[in-house]
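Colleague: Sending over a structure as structure tokens; questions will come in a sec.
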Amino acid sequence: MLALTNVEVDFGTRLLFSNVSFMIQRGDRIGLVGRNGAGKSTLMHIMAGERRPTSGEVHRQNNATVGLLSQDLTLDVSLTLRDSAMQAFTDLLALQDRIDALQHQVSSRTDYESDTYMDVVQKLTDAHEQFERRGGLTMHADLERVLTGLGFSQHELDNPLTMFSGGWQMRAELGRLLLSHPDVLLLDEPTNHLDIESVQWLEEFLQDYDGAVVVISHDRAFLDNVTKRTIEIMKSKIFDIPASYSDFEEIRAERMELQRAAAVRQARERDRIQKFVDRFRYKASLASRAQSRIKMLQKMEVVEVDESDTAAMRFTFPPAPRSGRTVVDCAHVVKDYGEKRVLRGLDFALERGEKVAFIGKNGEGKTTLSKIIGGIEKATNGAVTLGHNVSIGFYAQQQADMLGGHNTVYEVLEQASPPEMRPRLRSLLGAFLFSGDAVNKKVSVLSGGEKSRLALARLLLQPYNLLILDEPTNHLDMLSKEVLKQALLEYDGAMIVVSHDRDFLDGLTDRVLAFRNGAITEYTGDVDDYVNSLRNDRAPSELPVKLKVAASPKVEVVDQKELNRERKRLERRVQDLERQIGIQEKTIAECETTLSDPDLYKDPVLQHKTTQKYETAKQLVVSLMKEWEDIQEQLLSMSGA
221 MLALTNVEVD
231 FGTRLLFSNV
241 SFMIQRGDRI
251 GLVGRNGAGK
261 STLMHIMAGE
271 RRPTSGEVHR
281 QNNATVGLLS
291 QDLTLDVSLT
301 LRDSAMQAFT
311 DLLALQDRID
321 ALQHQVSSRT
331 DYESDTYMDV
341 VQKLTDAHEQ
351 FERRGGLTMH
361 ADLERVLTGL
371 GFSQHELDNP
381 LTMFSGGWQM
391 RAELGRLLLS
401 HPDVLLLDEP
411 TNHLDIESVQ
421 WLEEFLQDYD
431 GAVVVISHDR
441 AFLDNVTKRT
451 IEIMKSKIFD
461 IPASYSDFEE
471 IRAERMELQR
481 AAAVRQARER
491 DRIQKFVDRF
501 RYKASLASRA
511 QSRIKMLQKM
521 EVVEVDESDT
531 AAMRFTFPPA
541 PRSGRTVVDC
551 AHVVKDYGEK
561 RVLRGLDFAL
571 ERGEKVAFIG
581 KNGEGKTTLS
591 KIIGGIEKAT
601 NGAVTLGHNV
611 SIGFYAQQQA
621 DMLGGHNTVY
631 EVLEQASPPE
641 MRPRLRSLLG
651 AFLFSGDAVN
661 KKVSVLSGGE
671 KSRLALARLL
681 LQPYNLLILD
691 EPTNHLDMLS
701 KEVLKQALLE
711 YDGAMIVVSH
721 DRDFLDGLTD
731 RVLAFRNGAI
741 TEYTGDVDDY
751 VNSLRNDRAP
761 SELPVKLKVA
771 ASPKVEVVDQ
781 KELNRERKRL
791 ERRVQDLERQ
801 IGIQEKTIAE
811 CETTLSDPDL
821 YKDPVLQHKT
831 TQKYETAKQL
841 VVSLMKEWED
851 IQEQLLSMSG
861 A
């Protein structure tokens with residue numbers, strides 16, 4: 221459906237990639253990977269037609285549609301969440317308007333025998349068939365399924381987009397793109413703003429997607445679960461292997477090992493031939509044989525070994541100073557933002573050396589509790605007590621705000637460094653891939669990955685016995701994440717990590733605290749235990765016991781308001797369904813009257829049109845009645861709630 225031929229991007233001072241050629245077919249599941257700055261996002265924008273390459277061509281076959289989720293928002297925030305998502309159905313909504321107009325004509329005309337009347341009936345039948353074939357009957361249900369799958373609740377669907385944070389607006393953008401159903405779906409870091417549950421839902425959605433999918437991601441588990449082909453950009457070249465990312469790494473390593481072995485064998489052979497030439501080229505009896513060896517050397521193709529970029533951070537955290545047994549004790553912590561209560565009487569304790577993961581949807585309070593423990597924010601009520609001799613190192617999610625854009629890389633460390641560490645700052649920056657003139661770069665011009673590395677470097681300036689890390693893997697490439705994870709595994713202090721990266725969390729923590737619906741649920745063990753519980757959809761009696769949460773008198777009122785809002789929405793939908801069913805039943809009755817007339821069968825064309833119209837109306841009634849019955853069951857369950 222999409223073909224790239226000899227694509228090159230050259231910035232003049234830097235060649236990003238060249239001679240890039242590959243095809244994307246229907247059903248492809250491709251992971252586009254590479255180090256930060258390799259050109260992945262640039263290549264994706266070229267595929268989407270939003271950027272032209274320096275040279276080369278991009279061809280779309282059969283007018284294939286391409287949809288791109290970039291890291292820059294393009295939403296019209298003046299709309300509600302539902303209205304924004306409905307933009308994905310622009311063509312279907314236009315077709316629905318046409319059906320309504322044709323239906324009105326059919327209902328208002330009386331010239332049943334005229335050709336123009338039958339022409340209108342035929343157009344209505346064709347429009348109905350097209351509407352149903354393209355998913356018009358289920359578009360409202362699909363919209364709710366996708367948006368709730370991405371983490372939005374039912375009562376939020378009619379809220380204006382201005383009420384949502386940037387991360388939630390990015391989810392709305394992703395939802396609209398998925399609903400538009402392009403032939404080629406291009407996703408640039410789609411999991412950055414998703415919680416683990418939403419990532420799992422997206423994985424299942426993409427596995428069943430009937431178009432092609434190309435994904436840029438640093439989430440290894442996500443890539444392994446979704447993709448079956450990997451294209452890596454490395455040192456201006458691409459490597460295209462039909463395998464998921466983990467298998468791709470193994471195949472690439474084996475291939476490079478074979479190349480290195482072949483290169484060694486060839487070097488030995490060339491050396492042997494060269495020695496023969498040097499020894500006998502001036503002897504008359506062997507000169508012809510020496511000349512043939514020279515020609516052999518000239519014709520011999522040099523075995524090339526694929527290049528790899530293995531530059532990575534190198535660091536370990538300083539040994540943690542000994543603290544008291546209890547590092548943090550939270551008692552009945554409450555946090556309000558205006559009328560919104562984020563934390564409702566939370567009890568939580570962390571012991572010396574213990575490592576805990578905070579997971580859950582955005583806005584559930586993970587970062588808020590982290591900031592309260594770190595002393596960055598204050599609780600509305602309750603107490604947070606730090607243990608004896610506790611020192612906290614905090615890694616904030618928004619590094620740009622914390623580092624100061626006007627400072628240079630070196631100045632950021634210098635300002636935070638104790639005197640005894642200053643002679644070692646350049647060595648420390650070198651370990652985090654800042655060397656030479658890079659230490660004088662302004663923070664404001666750094667990439668997301670560079671800011672993340674700089675913030676991590678700052679954590680090594682002095683020893684801490686409690687690390688609080690809020691989304692530390694955002695913007696880090698695969699290799700950098702592995703180095704960070706290894707350093708944290710070796711760290712001997714206590715740790716709280718907020719993350720949705722399953723591969724990063726795997727084996728890293730002792731406990732998992734899941735934030736959901738104003739409560740926190742504790743899972744002993746690894747993040748895999750939590751993920752498996754979600755996948756198995758266990759019964760409530762089998763779920764882990766919730767931590768103590770103080771009662772809030774506002775919760776019941778809020779829940780009742782949400783319930784009433786949802787009931788009204790469903791009742792409006794019932795009225796709309798009943799109107800549509802009435803129209804189709806009237807059409808069926810008219811067709812039955814026509815079909816009972818013996819004269820009809822004298823005109824085979826008219827008979828066919830009437831029969832087709834009759835069958836289409838019957839199918840529509842069955843579909844509409846099924847949705848009507850489902851909603852009635854929901855309303856009945858609400859009445860008993």
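Numbering-wise, the sequence shown is residues 221 to 861 according to our numbering. Where is the CB? At the ideal position from N, CA and C, for every residue including glycine.
(1) Let's see if you can read the secondary structure: which residues bound the beta strand (DSSP E) around residue 314?
(2) Is there contact here, the stretch 287 to 298 with the stretch 318 to 338, by at least three beta-carbon pairs under 8 Å?
(3) Kindly confirm or deny that the stretch 240 to 257 and the stretch 425 to 434 touch, where touching means at least three C-beta pairs closer than 8 Å.
(4) Report the start-end ranges of each alpha helix (DSSP H) in the stretch 609 to 662 that is 4 residues or longer and not cut off at the edges.
(5) Return the CA-CA distance between residue 592 and residue 687, expressed in angstroms with no decimal places.
(6) Can you round the beta-carbon distance between residue 253 and residue 452 to whole angstroms, since I take them to be within the 8 Å contact cut?
(7) What residue from 579, 440, 678 has the CA that sits closest to residue 535's CA?
(8) Reducing DSSP to helix, strand and coil, say where residue 234 ends up.
(9) Do residue 361 and residue 315 count as a contact pair if the criterion is CB distance below 8 Å?
(10) Mind listing, in chain order, the continuous beta strand (DSSP E) runs of no fewer than 3 residues lying wholly within the stretch 413 to 471?
(11) Distance, Cα to Cα, residue 414 vs residue 285?
(12) In chain order, what residues of the same chain have a beta carbon less than 8 Å from the beta carbon of residue 262, not counting five sequence neighbours either side?
(13) For the alpha helix (DSSP H) that residue 517 lies in, which residues bound it at each end?
(14) The beta strand (DSSP E) that contains residue 863, what's its start and end?
(15) For residue 775, which residues of its own chain have a beta-carbon under 6 Å away from its beta-carbon, when the five flanking residues on both sides are left out?
(16) On the DSSP letters alone, give me the boundaries of the alpha helix (DSSP H) that residue 401 sits inside.
(17) Are the CB atoms of residue 676 and residue 708 within a distance shorter than 8 Å?
(18) Would residue 194 and residue 394 be called neighbours here (beta carbons separated by less than 8 Å)?
(19) Does any C-beta atom of chain D lie closer than 8 Å to the C-beta of residue 496?
(20) Do residue 632 and residue 674 count as a contact pair if the criterion is CB distance below 8 Å?
(21) What residues match up with residue 222 in a beta bridge as DSSP calls it?
(22) Short check: CB of residue 560 to CB of residue 588, under 8 Å?
(23) Roughly how far, in whole angstroms, is the beta-carbon of residue 574 from the beta-carbon of residue 714, given that I think they are within contact range, below 8 Å?
(24) Mapping DSSP to helix, strand and coil, what is residue 704?
(25) In angstroms with no decimal places, state the Cα-to-Cα distance between residue 716 and residue 309.
(26) The alpha helix (DSSP H) that contains residue 684, what's its start and end?
(27) So what's residue 739 in DSSP terms, helix, strand or just coil?
(28) Select from 371, 405, 783, 401 the residue whose C-alpha is nearest the C-alpha of residue 389.
(29) Should residue 803 and residue 845 be called a contact, given that it needs their Cβ atoms to be closer than 8 Å?
(30) Could you say which of 843, 520, 596, 408 lies nearest to residue 265 if we only look at CA atoms?
(31) On the three-state DSSP scale, how would you describe residue 270?
(32) Could you tell me the boundaries of the beta strand (DSSP E) in which residue 580 lies?
(33) State yes or no: is the C-beta of residue 642 within less than 8 Å of the C-beta of residue 634?
(34) Look at the alpha carbon of residue 311 and the alpha carbon of residue 695, and state the distance between them as a whole number of angstroms.
(35) Taking the alpha carbon of residue 606 as the reference point, which residue from 595, 792, 615 has its own alpha carbon closest?
(36) Look up residue 561 in the DSSP assignment and say whether it is helix, strand or coil.
Modeller: So, to answer that:
(1) For the purposes of this step, residue 314 is identified with residue 94 of the sequence shown, where counting begins at 1. Looking at the DSSP string, residue 314 is not in any beta strand (DSSP E); the run it does join, the alpha helix (DSSP H), is 310 to 328.
(2) Because the criterion of three Cβ pairs below 8 Å is not met, the stretch 287 to 298 and the stretch 318 to 338 do not touch.
(3) Proximity of the stretch 240 to 257 to the stretch 425 to 434 meets the contact definition, three or more beta-carbon pairs being nearer than 8 Å.
(4) Whole alpha helix (DSSP H) segments, 4+ residues: 619 to 623, 629 to 636, 645 to 651.
(5) In the sequence shown, residue 592 corresponds to position 372, counting from 1. In the sequence shown, residue 687 corresponds to position 467, counting from 1. Using only the alpha carbons, I get a separation of about 14 Å.
(6) Your numbering for residue 253 matches position 33 in the sequence shown. Your numbering for residue 452 matches position 232 in the sequence shown. That belief holds up - the Cβ atoms of residue 253 and residue 452 are roughly 5 Å apart, short of 8 Å.
(7) The count along the sequence shown starts at 1 and reaches residue 535 at position 315. Taking only the C-alpha atoms, the option nearest residue 535 is 678.
(8) Position 14 of the sequence shown holds residue 234. Coil, per DSSP.
(9) Along the sequence shown, read from residue 1 onward, the residue named residue 315 stands at position 95. Along the sequence shown, read from residue 1 onward, the residue named residue 361 stands at position 141. No, the Cβ-Cβ distance between residue 315 and residue 361 is not below 8 Å.
(10) Runs of the beta strand (DSSP E) inside the stretch 413 to 471: 432 to 436, 449 to 454, 457 to 461.
(11) Reading the sequence shown from its first residue, position 194 is the one you call residue 414. Reading the sequence shown from its first residue, position 65 is the one you call residue 285. Straight through space, the alpha carbons of residue 285 and residue 414 are spaced by roughly 26 Å.
(12) Position 42 of the sequence shown holds residue 262. Closer than 8 Å at Cβ, skipping near neighbours: 229, 236, 271.
(13) Mapped onto the sequence shown, residue 517 falls at position 297. Unbroken alpha helix (DSSP H) run through residue 517: 507 to 519.
(14) In the structure displayed, the chain extends from 221 to 861; residue 863 sits before or after that span and is not available.
(15) For the purposes of this step, residue 775 is taken as the residue at position 555 of the sequence shown. At residue 775, the pLDDT of 40 sits below 50, so the modelled position is not reliable; the number obtained from the coordinates is stated separately. Residues of the same chain with a CB within less than 6 Å of the CB of residue 775, apart from the 5 flanking positions on each side, do not exist.
(16) By one-based count along the sequence shown, residue 401 stands at place 181. Here residue 401 belongs to no alpha helix (DSSP H), and DSSP marks it neither H nor E.
(17) Within the sequence shown, the letter at position 488 stands for residue 708. Within the sequence shown, the letter at position 456 stands for residue 676. No, they are not a contact pair.
(18) Given that the chain is displayed from residue 221 to residue 861, the structure contains no residue 194 and the question cannot be resolved.
(19) The structure shown has no chain D; it contains just one protein chain.
(20) Sequence index remark: in the sequence shown, residue 674 carries index 454 (1-based). Sequence index remark: in the sequence shown, residue 632 carries index 412 (1-based). Yes, the Cβ-Cβ distance between residue 674 and residue 632 is below 8 Å.
(21) Residue numbering aside, residue 222 sits at position 2 when the sequence shown is read from its first letter. Per DSSP, 244, 280.
(22) In the sequence shown, residue 560 corresponds to position 340, counting from 1. In the sequence shown, residue 588 corresponds to position 368, counting from 1. The answer is no: Cβ separation not under 8 Å.
(23) As a working note, residue 574 is residue 354 in the sequence shown. As a working note, residue 714 is residue 494 in the sequence shown. So it is a contact: roughly 5 Å between Cβ atoms.
(24) Indexing the sequence shown from 1 puts residue 704 at position 484. Residue 704 falls in the helix class under three-state DSSP.
(25) Indexing the sequence shown from 1 puts residue 716 at position 496. Indexing the sequence shown from 1 puts residue 309 at position 89. Rounded to whole angstroms, residue 716 to residue 309 spans 43 Å at the Cα level.
(26) Reading the sequence shown from its first residue, position 464 is the one you call residue 684. Residue 684 -> no alpha helix (DSSP H), and no H or E assigned at all.
(27) Stepping through the sequence shown from its first residue, residue 739 is reached at position 519. Residue state, collapsed to three classes: strand.
(28) Working through the sequence shown from its first residue, we reach residue 389 at position 169. Put simply, of 371, 405, 783, 401 the residue whose alpha carbon is nearest the alpha carbon of residue 389 is 371.
(29) For the purposes of this step, residue 803 is taken as residue 583 along the sequence shown, with counting starting at 1. For the purposes of this step, residue 845 is taken as residue 625 along the sequence shown, with counting starting at 1. When the beta-carbon positions are compared, residue 803 and residue 845 stay at least 8 Å from each other.
(30) Locating residue 265 in the sequence shown gives position 45, where the first residue counts as 1. Here the closest residue by C-alpha is 408.
(31) By one-based count along the sequence shown, residue 270 stands at place 50. Coil.
(32) What you label residue 580 is simply residue 360 of the sequence shown in a count that begins at 1. 575 to 580 is the span of the beta strand (DSSP E), which, as asked, contains residue 580.
(33) The count along the sequence shown starts at 1 and reaches residue 642 at position 422. The count along the sequence shown starts at 1 and reaches residue 634 at position 414. At the C-beta level, residue 642 and residue 634 come within 8 Å of one another.
(34) Taking the sequence shown and counting its residues from 1, the one referred to as residue 311 is at position 91. Taking the sequence shown and counting its residues from 1, the one referred to as residue 695 is at position 475. As the crow flies, the alpha-carbon of residue 311 is around 37 Å from that of residue 695.
(35) Taking the sequence shown and counting its residues from 1, the one referred to as residue 606 is at position 386. If we check each option's Cα against that of residue 606, 595 comes out closest.
(36) For the purposes of this step, residue 561 is taken as the residue at position 341 of the sequence shown. Strand at residue 561.
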